[in-house]
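K.L.:
Chains as they are written, first to last, in the working numbering: chain A, 1 to 419; chain B, 420 to 771.
Mind looking over this structure? Questions follow.
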Amino acid sequence: MPIDKNQIIEKEKAVVDGIELTADWNRMFEQRVIFDYDTSALDKVTDVANAESMGWCYQCGNCVPVCPVDNVGEYGPRKIFRSLQLGVDLFTSDELWKCTSCAQCLRVCPKEVDMIKIMPAIREEAVLEGDVPEELQEAFTNTFEYGNPMGESQRKRADWVQNAGVEVPVMKDKKAADLLWFVECYPAYHNRGKEASVALAKILDKLQADYGILGTEEKCSCDSQRIAGEVGLFEEFAEENIKTFSKYKFNKILVTDPHALNGLRKEYPKYGGDYDVVHYTTYLAPLLDKLNLTRSLDIKVTFHDPCYLGRHNGEYAAPRNIINALPGVELIEMGRCKEQSYCCGGGGGGMWLDGFMADHVTERLSENRVKEAVETGADVLVVCCPYEVSRFEDAVKSTGNEGKLLVKDIAELIVEAMG
Amino acid sequence: MASENILVIGGGPTGMEAARGIADLGYKAILVEKRDRLGGTPDEAQYAALTPDLRNAEEAIGEMVAAVTDNPNVELLTGTTVTSSEGEVGNFKVKAVQNGSEIEIEAGAVIVATGFQHFDPGRETQKYGYYEHDDVVTLVDAEKLLKSGNFVRPSTGEKPKSVAFIQCVGSRDRQIGNEYCSKVCCGMSSKQAIEIRQHVPDCKVYIFYIDMRMYGYWENEIYWPAQEKYKVNYIKGMATEIIKKGDGLLVKGEDTTLRRPMEIPMDMVILAVGMEPSEGTKVVADIFGLPKNKYNFIETIGGPLNTVSTEKAGIFAAGACTGPADLEDSVSSAGAAAMKAISAIRKIGVPA
Chain A
1 MPIDKNQIIE KEKAVVDGIE LTADWNRMFE QRVIFDYDTS ALDKVTDVAN AESMGWCYQC
61 GNCVPVCPVD NVGEYGPRKI FRSLQLGVDL FTSDELWKCT SCAQCLRVCP KEVDMIKIMP
121 AIREEAVLEG DVPEELQEAF TNTFEYGNPM GESQRKRADW VQNAGVEVPV MKDKKAADLL
181 WFVECYPAYH NRGKEASVAL AKILDKLQAD YGILGTEEKC SCDSQRIAGE VGLFEEFAEE
241 NIKTFSKYKF NKILVTDPHA LNGLRKEYPK YGGDYDVVHY TTYLAPLLDK LNLTRSLDIK
301 VTFHDPCYLG RHNGEYAAPR NIINALPGVE LIEMGRCKEQ SYCCGGGGGG MWLDGFMADH
361 VTERLSENRV KEAVETGADV LVVCCPYEVS RFEDAVKSTG NEGKLLVKDI AELIVEAMG
Chain B
420 MASENILVIG GGPTGMEAAR GIADLGYKAI LVEKRDRLGG TPDEAQYAAL TPDLRNAEEA
480 IGEMVAAVTD NPNVELLTGT TVTSSEGEVG NFKVKAVQNG SEIEIEAGAV IVATGFQHFD
540 PGRETQKYGY YEHDDVVTLV DAEKLLKSGN FVRPSTGEKP KSVAFIQCVG SRDRQIGNEY
600 CSKVCCGMSS KQAIEIRQHV PDCKVYIFYI DMRMYGYWEN EIYWPAQEKY KVNYIKGMAT
660 EIIKKGDGLL VKGEDTTLRR PMEIPMDMVI LAVGMEPSEG TKVVADIFGL PKNKYNFIET
720 IGGPLNTVST EKAGIFAAGA CTGPADLEDS VSSAGAAAMK AISAIRKIGV PA
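Shown next, in the form of structure tokens:
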């Protein structure tokens with residue numbers, strides 16, 4: 001809770017537990033007595049369309065223990081509600097940017113206080129006012145200018161195919177295909193993401209799948225930017241992508257990124273783009289017998305459920321079916337798995353708020369998760385969301401677990417097992 | 420000579436429903452009420468709207484009164500107070516005073532439905548200054564204000580800008596002696612909070628509570644709309660005292676989730692007073708020799724599976740004379756009492 005400047009008591013000399021506090025420290029005294037419950041802060045939130053349910057909280061506290069941010073800091077819908085009751089302005093508060101939209105709270109909330117709707121709605125207002133953390137604003141600006149949050153050149157969006165070792169068809173040439181593979185930004189640009197894309201291309205090639213990518217025509221799906229409050233940008237990009245999709249004939253959109261899955265499946269229909277969208281794990285799980293998976297990997301693995309694949313889109317089985325079909329792979333589940341899975345910290349704009357979050361948490365969410373993965377004794381942490389590889393690999397290093405745990409995309413493991 | 424009439428004592432919702440049930444089953448009910456009109460506490464205290472459905476109380480209670488008025492199987496004795504009783508099941512002889520003259524009533528069974536009274540917050544505790552501050556009122560006073568259609572501060576006659584409810588006044592209190600939860604006050608407060616927001620939309624309404632107790636459908640029918648639709652502010656923590664500040668009141672208490680004291684200015688405070696046995700309940704219990712529990716409510720002996728039988732065969736108790744009860748409880752137990760009273764008469768084989 002931010003300190004109300006009018007309530008700060010400044011003392012000439014302050015001694016706490018025998019220690020004299022000097023300089024700014026002795027200004028950290030707050031008025032004890034609460035003089036007013038200013039309802040305007042809560043009203044201001046619940047007056048915003050889609051944020052009404054913020055006022056429904058009856059403070060049971062179910063949400064706080066499952067909130068991944070509260071595990072490493074101080075957060076959760078109940079606490080936000082309480083601070084609103086006490087007059088904190090969410091629109092200008094740091095509290096507005098800590099939510100990763102992991103949907104743990106909504107899963108357990110008896111009143112259906114829906115942070116997945118509340119956060120984008122309030123953040124949109126803050127974005128319009130320009131009250132956005134600098135690093136997040138940079139990701140927005142990059143997306144606007146370059147079509148991706150990293151600020152990479154649009155011309156290089158399909159450069160990864162040069163390393164694929166197989167032909168990667170482009171829709172511009174094919175015009176029609178069974179599958180349109182929406183690669184998305186991190187699998188197209190990030191080093192480790194590109195390696196996963198190469199692996200998936202090899203698998204699709206082996207399956208002789210009839211598919212094509214959009215190549216340099218593809219732009220960010222923008223779903224994470226939407227949740228982070230850039231609704232205008234999302235609308236513009238959705239319309240542009242839908243226009244590109246409309247040039248080609250295809251039956252399904254295959255996505256690598258669960259955030260793109262969420263956006264294309266649930267939000268694009270609102271803008272006229274209604275497609276059959278499938279995550280690559282869902283697509284691959286029934287086709288494994290065609291891949292001739294004969295090479296035994298002889299490893300123990302654990303699996304991290306992406307928030308936007310699991311809780312947001314209900315897919316828990318497909319990645320597990322794949323892992324269990326890999327020869328010589330033993331799956332050891334983490335305690336927090338499936339519906340209860342922890343969050344890597346990358347969703348809802350978290351990907352672009354690491355510096356900001358560092359001021360609010362004792363450790364990164366990805367670090368907390370990697371420690372849990374290491375505890376299982378697994379050799380490999382298997383992921384199927386492009387946000388996770390980089391986040392977890394960094395966390396393996398920062399938690400001193402280098403050499404104990406590898407982080408691999410599920411597609412990379414499939415390719416290894418293909419021999 | 421045995422009688423198959425059933426005496427019902429108390430003309431409130433419980434007594435009226437019991438009498439109606441007896442009459443519907445073809446037996447004769449003698450309904451005794453000490454006031455000169457039926458309706459009981461909802462009528463006497465001028466309830467505006469019933470909990471939880473906010474139905475107009477006058478209209479709803481009026482229907483109950485109509486059901487027993489001019490009913491060939493109901494003998495109405497208003498202005499009548501029971502004074503003594505002798506006899507046993509099948510053959511009670513009860514004396515009463517009706518408008519100054521003594522009468523004798525013969526009955527095979529008796530249903531006591533003498534109800535409750537609202538806790539008087541000025542009697543036991545002075546901490547809320549109910550007798551000192553005009554703008555400190557009870558749920559009962561607020562109900563009257565709401566019924567008048569003009570919800571205003573008693574001190575100024577102007578609409579309040581802020582109203583606080585304080586829960587559990589006179590209930591859950593060992594010092595006062597009322598250790599029980601009065602069951603209805605959380606719902607009543609939330610219901611009135613909704614009505615205040617309807618009457619005075621720019622008035623802020625706060626409810627200070629230990630824990631909100633709205634079981635069953637009261638949760639979704641009152642508590643949730645109060646918070647979600649009418650934006651009533653529920654603050655966990657009790658107000659300990661009220662002091663005068665300027666033209667208004669200062670509510671002092673602890674915000675328990677913040678672990679900090681609060682001193683909140685309010686235009687009006689409504690004390691959520693609980694239920695106690697009415698004087699009539701205590702007197703009638705003694706007349707019939709019915710054991711009372713430590714709170715002076717009439718003790719029933721059947722536990723949770725039989726809520727109306729007393730230690731005396733042929734004498735049943737229903738509604739809020741047996742403990743805190745809402746209207747749903749009251750009319751339900753009235754039906755049970757009517758059925759058991761008729762059963763008692765039939766078992767001893769009264770000739771038709």
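Where a beta carbon is used, it is the ideal one built from N, C-alpha and C, also for glycine.
In this structure, how does DSSP classify lysine 663 of chain B when only helix, strand and coil are distinguished?
P.N.:
Along the second sequence, one-based indexing puts residue 663 of chain B at 244. Strand, per DSSP.
K.L.:
How would you list, in chain order, the residues of chain B whose beta-carbon sits under 8 Å from the beta-carbon of glutamine 85 of chain A?
P.N.:
Your numbering for residue 85 of chain A matches position 85 in the first sequence. Chain B residues near glutamine 85 of chain A: Asn652, Ile654.
K.L.:
Chain A partners of tyrosine 625 of chain B, CB-CB under 8 Å?
P.N.:
Position 206 of the second sequence, counting from 1, holds the residue named residue 625 of chain B. Those within 8 Å of tyrosine 625 of chain B in chain A are Tyr37.
K.L.:
For glycine 589 of chain B versus glycine 672 of chain B, is the C-beta distance shorter than 9 Å?
P.N.:
Start at 1 with the first residue of the second sequence, and residue 589 of chain B comes out as number 170. Start at 1 with the first residue of the second sequence, and residue 672 of chain B comes out as number 253. Against a cut-off of 9 Å, the Cβ pair of glycine 672 of chain B and glycine 589 of chain B comes out as no contact.
K.L.:
Pull the bridge partners of leucine 434 of chain A from the DSSP assignment, please.
P.N.:
The first residue shown for chain A is 1 and the last is 419, placing residue 434 of chain A beyond what the model contains.
K.L.:
Anything in the segment 626 to 651 of chain B with a Cβ closer than 9 Å to a Cβ of chain A? List those residues in chain order, please.
P.N.:
Correct list: Met631, Tyr642, Trp643, Gln646, Glu647, Lys650.
K.L.:
Using a Cβ-Cβ cut-off of less than 9 Å, list which residues of the segment 52 to 73 of chain A approach chain B; keep chain order.
P.N.:
Correct list: Glu52, Ser53, Gly55, Trp56, Cys57, Tyr58, Gln59.
K.L.:
I want to know whether the segment 102 to 118 of chain A touches the segment 48 to 59 of chain A - three or more CB-CB distances under 8 Å.
P.N.:
Yes: the two stretches touch, three or more of their Cβ pairs being nearer than 8 Å.
K.L.:
Since I believe glycine 147 of chain A is in contact with glutamine 154 of chain A (beta carbons under 8 Å), could you give me their beta-carbon distance rounded to a whole number of angstroms?
P.N.:
Translated into positions along the first sequence, residue 154 of chain A becomes position 154. Translated into positions along the first sequence, residue 147 of chain A becomes position 147. Contact holds; Cβ gap of about 5 Å.
K.L.:
Quick one: does aspartate 674 of chain B have its CB under 9 Å from some CB of chain C?
P.N.:
Structure shown: chain C not included; protein chains present are A and B.
K.L.:
According to DSSP, simplified to helix, strand and coil, what is glutamine 536 of chain B?
P.N.:
Position 117 of the second sequence, counted from the start, is the residue given in the question as residue 536 of chain B. The answer is strand: DSSP assigns glutamine 536 of chain B an E or B state.
K.L.:
Would the segment 67 to 83 of chain A and the segment 127 to 140 of chain A be scored as touching if the rule is three or more Cβ pairs under 8 Å?
P.N.:
With the cut-off at 8 Å, the segment 67 to 83 of chain A and the segment 127 to 140 of chain A do not touch.
K.L.:
Listing by chain order, which chain A residues have their CB less than 8 Å from the CB of arginine 679 of chain B?
P.N.:
Stepping through the second sequence from its first residue, residue 679 of chain B is reached at position 260. Ordered by position in chain A, the residues that pass the 8 Å Cβ test against arginine 679 of chain B are Arg32, Val33, Ile34.
K.L.:
Could you tell me which residues DSSP puts in a beta bridge with arginine 364 of chain A?
P.N.:
Stepping through the first sequence from its first residue, residue 364 of chain A is reached at position 364. Per DSSP, none; premise fails for arginine 364 of chain A.
K.L.:
Pull up the CB-CB distance for isoleucine 122 of chain A and valine 45 of chain A, whole angstroms please, since I reckon it's below 8 Å.
P.N.:
Locating residue 122 of chain A in the first sequence gives position 122, where the first residue counts as 1. Locating residue 45 of chain A in the first sequence gives position 45, where the first residue counts as 1. Confirmed, about 6 Å.
K.L.:
Does any residue of chain B bring its CB to less than 9 Å from the CB of proline 2 of chain A?
P.N.:
Reading the first sequence from its first residue, position 2 is the one you call residue 2 of chain A. Because the pLDDT at proline 2 of chain A is just 48, under 50, the model does not fix this residue reliably, and the point stays unresolved.
K.L.:
So which residues of chain A does phenylalanine 683 of chain B contact, with C-beta pairs closer than 9 Å?
P.N.:
Locating residue 683 of chain B in the second sequence gives position 264, where the first residue counts as 1. A quick correction: the sequence has isoleucine, not phenylalanine, at residue 683 of chain B. Those are Ile34, Phe35, Asp36, Tyr37, listed as they occur along chain A.
K.L.:
Going by DSSP, which residues form a beta bridge with asparagine 510 of chain B?
P.N.:
Start at 1 with the first residue of the second sequence, and residue 510 of chain B comes out as number 91. Bridge partners of asparagine 510 of chain B: B:Glu507.
K.L.:
Output yes or no for whether 9 Å exceeds the beta carbon distance between phenylalanine 420 of chain A and aspartate 94 of chain A.
P.N.:
Beyond the ends of chain A as shown, which are 1 and 419, falls residue 420 of chain A; an answer cannot be given.
K.L.:
For glutamate 372 of chain A, which residues in the same chain have their Cβ closer than 6 Å to its Cβ, ignoring the five residues on either side in sequence?
P.N.:
On the first sequence, residue 372 of chain A is found 372 positions in, with the first residue counted as 1. Met334.
K.L.:
Between which two residues does the beta strand (DSSP E) containing asparagine 518 of chain B stretch?
P.N.:
The residue labelled residue 518 of chain B in the question sits at position 99 within the second sequence. Looking at the DSSP string, asparagine 518 of chain B is not in any beta strand (DSSP E), and its letter there is neither H nor E.
K.L.:
Is there contact between the segment 378 to 393 of chain A and the segment 176 to 196 of chain A, where contact requires at least three CB pairs shorter than 8 Å?
P.N.:
Judged by Cβ distances under 8 Å, the segment 378 to 393 of chain A makes contact with the segment 176 to 196 of chain A, as three or more pairs qualify.
K.L.:
If I measure Cβ to Cβ from histidine 259 of chain A and keep anything under 6 Å in the same chain, skipping five residues before and after, which residues do I get?
P.N.:
On the first sequence, position 259 is the one that residue 259 of chain A refers to. If we look at histidine 259 of chain A and ignore the five residues flanking it on each side, its Cβ neighbours are Asp223, Ser224, Tyr308.
K.L.:
Taking just the CA atoms, how far does serine 749 of chain B sit from leucine 450 of chain B?
P.N.:
Taking the first residue of the second sequence as 1, we reach residue 450 of chain B at position 31. Taking the first residue of the second sequence as 1, we reach residue 749 of chain B at position 330. So the two alpha carbons sit approximately 16 Å from each other.
K.L.:
Apply the 10 Å Cβ neighbour rule to alanine 209 of chain A and answer buried if 16 or more other Cβ atoms are within range, or exposed otherwise.
P.N.:
Position 209 of the first sequence holds residue 209 of chain A. Buried, since its Cβ has 16 or more Cβ neighbours within 10 Å.
K.L.:
Mind checking glutamate 551 of chain B: buried by the 16 CB within 10 Å criterion, or exposed?
P.N.:
For the purposes of this step, residue 551 of chain B is taken as residue 132 along the second sequence, with counting starting at 1. Answer is exposed; the Cβ neighbour count stays below 16.
K.L.:
Would you list the residues sitting across from serine 581 of chain B in a DSSP beta bridge?
P.N.:
In the second sequence, counting from the first residue as 1, residue 581 of chain B sits at position 162. DSSP lists B:Lys623 as partners of serine 581 of chain B.
K.L.:
Under 7 Å Cβ-Cβ, which residues of chain B neighbour arginine 423 of chain A?
P.N.:
In the structure as shown, chain A starts at 1 and stops at 419, and residue 423 of chain A therefore has no counterpart that could be examined.
K.L.:
If you run the structure through DSSP and keep just helix, strand and coil, what is glycine 349 of chain A?
P.N.:
Walking along the first sequence from the start, residue 349 of chain A turns up at place 349. Glycine 349 of chain A: helix per DSSP, three-state reduction.
K.L.:
Among the residues of its own chain, which have a CB less than 7 Å from the CB of lysine 206 of chain A, if the five just before and after it don't count?
P.N.:
Your numbering for residue 206 of chain A matches position 206 in the first sequence. Result list for lysine 206 of chain A: Leu291, Met418, in chain order.
K.L.:
Suppose only complete runs of 3+ residues qualify. What are the beta strand (DSSP E) ranges in the segment 590 to 653 of chain B, listed by chain order?
P.N.:
Whole beta strand (DSSP E) segments, 3+ residues: 623 to 628.
K.L.:
Is there a Cβ of chain B sitting closer than 9 Å to that of leucine 42 of chain A, yes or no?
P.N.:
Position 42 of the first sequence holds residue 42 of chain A. For leucine 42 of chain A, the answer is yes, since a Cβ of chain B falls inside 9 Å of its Cβ.
K.L.:
Around the Cβ of serine 366 of chain A, are there at least 16 other Cβ atoms within 10 angstroms (buried) or fewer (exposed)?
P.N.:
Taking the first sequence and counting its residues from 1, one reaches residue 366 of chain A at position 366. Buried is the call here.
K.L.:
In whole angstroms, what is the alpha-carbon distance linking alanine 317 of chain A and aspartate 289 of chain A?
P.N.:
The residue given as residue 317 of chain A occupies position 317 in the first sequence. The residue given as residue 289 of chain A occupies position 289 in the first sequence. Going by the C-alpha atoms only, they are around 17 Å apart.
K.L.:
Does the beta-carbon distance from phenylalanine 716 of chain B to proline 696 of chain B come in below 9 Å?
P.N.:
As a position in the second sequence, residue 716 of chain B is number 297, starting the count at 1. As a position in the second sequence, residue 696 of chain B is number 277, starting the count at 1. In this structure, proline 696 of chain B lies closer than 9 Å to phenylalanine 716 of chain B by Cβ.
K.L.:
The alpha helix (DSSP H) spanning aspartate 705 of chain B covers which residue range?
P.N.:
Counting from one through the second sequence, the residue named residue 705 of chain B turns up at place 286. From DSSP, the alpha helix (DSSP H) with aspartate 705 of chain B extends over 698 to 706.
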